[in-house]
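In what follows, a structure is listed as C-alpha coordinates, so that the remarks can point back to it.
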Amino acid sequence: MTGSWLQSGRGALVVLLLTPMLCVAENGFGSNAATARLRITVIVPPVFRVLQVTPTAEGYDYRIWTNMKSIMLGGREYRFTRLGENTLTLRIPPEGVWIVHGL
(Lines of atoms letter the chains of each structure in order from A; the text may use other names.)
(Lines give C-alpha, C1' and ligand atoms only; values in the text may rest on other atoms or scores of the structure.)
Protein backbone atom coordinates (compact mmCIF):
# COMPACT_ATOMS: atom_id res chain seq x y z
CA MET A 99 0.00 0.00 0.00
CA THR A 100 1.33 3.42 -0.91
CA GLY A 101 0.68 6.67 0.92
CA SER A 102 0.32 7.54 4.56
CA TRP A 103 -2.07 5.98 7.04
CA LEU A 104 -4.43 9.07 6.97
CA GLN A 105 -4.85 8.81 3.22
CA SER A 106 -6.14 5.28 3.38
CA GLY A 107 -9.79 4.40 3.76
CA ARG A 108 -9.22 3.24 7.33
CA GLY A 109 -7.96 6.68 8.35
CA ALA A 110 -11.05 8.38 6.96
CA LEU A 111 -13.27 5.90 8.78
CA VAL A 112 -11.50 6.56 12.10
CA VAL A 113 -11.89 10.33 11.64
CA LEU A 114 -15.61 9.94 10.92
CA LEU A 115 -16.09 7.79 14.01
CA LEU A 116 -14.21 10.23 16.28
CA THR A 117 -15.99 13.37 15.00
CA PRO A 118 -19.10 12.99 17.22
CA MET A 119 -16.86 12.74 20.29
CA LEU A 120 -15.44 16.17 19.51
CA CYS A 121 -18.96 17.62 19.53
CA VAL A 122 -20.09 16.11 22.84
CA ALA A 123 -21.14 18.70 25.41
CA GLU A 124 -19.60 18.57 28.84
CA ASN A 125 -21.98 17.57 31.59
CA GLY A 126 -20.86 19.29 34.75
CA PHE A 127 -21.71 21.78 37.45
CA GLY A 128 -24.47 24.22 36.56
CA SER A 129 -25.86 22.27 33.66
CA ASN A 130 -29.40 22.51 35.10
CA ALA A 131 -29.41 26.32 35.06
CA ALA A 132 -29.39 28.13 31.75
CA THR A 133 -30.32 31.67 30.85
CA ALA A 134 -30.72 33.26 27.48
CA ARG A 135 -31.89 36.57 26.15
CA LEU A 136 -33.31 37.04 22.72
CA ARG A 137 -34.56 40.37 21.47
CA ILE A 138 -36.36 40.68 18.16
CA THR A 139 -37.21 44.11 16.81
CA VAL A 140 -39.66 44.47 13.94
CA ILE A 141 -40.02 47.87 12.32
CA VAL A 142 -43.32 48.31 10.48
CA PRO A 143 -43.56 51.45 8.34
CA PRO A 144 -46.89 53.31 8.38
CA VAL A 145 -49.19 52.41 5.48
CA PHE A 146 -52.20 54.38 4.18
CA ARG A 147 -53.86 53.19 0.97
CA VAL A 148 -57.01 54.39 -0.74
CA LEU A 149 -58.88 51.34 -2.05
CA GLN A 150 -62.02 52.98 -3.45
CA VAL A 151 -63.49 56.49 -3.81
CA THR A 152 -67.26 56.95 -3.92
CA PRO A 153 -68.85 60.38 -4.50
CA THR A 154 -71.79 61.14 -2.18
CA ALA A 155 -74.09 64.15 -1.67
CA GLU A 156 -71.95 65.40 1.25
CA GLY A 157 -68.56 64.79 -0.36
CA TYR A 158 -66.57 61.60 -0.84
CA ASP A 159 -66.45 58.25 0.92
CA TYR A 160 -62.98 56.73 0.90
CA ARG A 161 -62.55 53.03 1.54
CA ILE A 162 -59.03 52.91 2.95
CA TRP A 163 -56.58 50.44 4.47
CA THR A 164 -54.17 51.61 7.15
CA ASN A 165 -52.04 50.14 9.91
CA MET A 166 -52.34 53.31 12.02
CA LYS A 167 -54.93 54.25 14.65
CA SER A 168 -55.16 57.82 13.31
CA ILE A 169 -54.04 59.88 10.31
CA MET A 170 -53.56 63.60 9.67
CA LEU A 171 -55.11 65.05 6.50
CA GLY A 172 -54.92 68.79 5.94
CA GLY A 173 -54.10 69.46 9.59
CA ARG A 174 -57.11 67.49 10.85
CA GLU A 175 -56.80 64.18 12.69
CA TYR A 176 -59.04 61.26 11.76
CA ARG A 177 -59.20 58.38 14.27
CA PHE A 178 -60.20 54.79 13.51
CA THR A 179 -61.64 52.17 15.85
CA ARG A 180 -59.47 49.40 14.42
CA LEU A 181 -56.51 48.79 12.15
CA GLY A 182 -57.10 47.58 8.62
CA GLU A 183 -59.93 48.53 6.32
CA ASN A 184 -62.04 51.57 7.27
CA THR A 185 -64.34 54.10 5.63
CA LEU A 186 -63.43 57.78 5.75
CA THR A 187 -66.01 60.44 4.81
CA LEU A 188 -64.77 63.87 3.71
CA ARG A 189 -67.04 66.78 2.87
CA ILE A 190 -66.89 68.59 -0.46
CA PRO A 191 -63.99 71.06 -0.32
CA PRO A 192 -64.63 74.77 -0.84
CA GLU A 193 -64.36 76.22 -4.34
CA GLY A 194 -60.82 76.47 -5.61
CA VAL A 195 -59.45 73.62 -3.48
CA TRP A 196 -58.22 70.52 -5.31
CA ILE A 197 -58.13 66.98 -3.98
CA VAL A 198 -55.83 64.69 -5.94
CA HIS A 199 -56.93 61.04 -6.02
CA GLY A 200 -54.78 58.06 -6.88
CA LEU A 201 -51.49 59.05 -5.29
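The numbering used here puts the first residue of the sequence shown at 99, with every later residue one more than the last.
We put the CB at the ideal spot given by N, CA and C, even for glycine.
Sequence-distant residues of its chain with Cβ nearer than 8 Å to residue i (five each side left out)
{"i": "Thr164", "result": "Pro144, Val145, Phe146, Arg147, Phe178, Leu181, Gly182 and Asn184"}
{"i": "Lys167", "result": "Arg177, Phe178 and Leu181"}
{"i": "Leu115", "result": "none"}
{"i": "Leu278", "result": "Past the edges of the chain, shown from 99 to 201, lies residue 278, and the structure says nothing about it."}
CA-to-CA distance, residue j to residue i, given in whole angstroms
{"i": "Thr133", "j": "Val140", "result": "23 Å"}
{"i": "Gln150", "j": "Ile190", "result": "17 Å"}
{"i": "Thr154", "j": "Val142", "result": "34 Å"}
{"i": "Arg161", "j": "Arg135", "result": "43 Å"}
{"i": "Arg174", "j": "Arg137", "result": "37 Å"}
Same chain, Cβ closer than 7 Å to residue i, neighbours up to 5 away in sequence not counted
{"i": "Asp159", "result": "Thr152, Thr185 and Thr187"}
{"i": "Ile169", "result": "Phe146 and Tyr176"}
{"i": "Leu111", "result": "none"}
Close-in-space but distant-in-sequence residues of the same chain around residue i (CB under 6 Å, 5 per side omitted)
{"i": "Glu156", "result": "Arg189"}
{"i": "Met99", "result": "Its pLDDT being 49, under 50, Met99 is placed unreliably by the model, and the measurement read from it follows with that caveat. For Met99, where only same-chain residues beyond five positions count, there are no Cβ hits under 6 Å."}
Check your understanding: Taking only runs of the beta strand (DSSP E) that begin and end inside the segment 124-172, which ones reach a length of at least 3 residues, in chain order?
Key -> 146-153, 157-164 and 168-171
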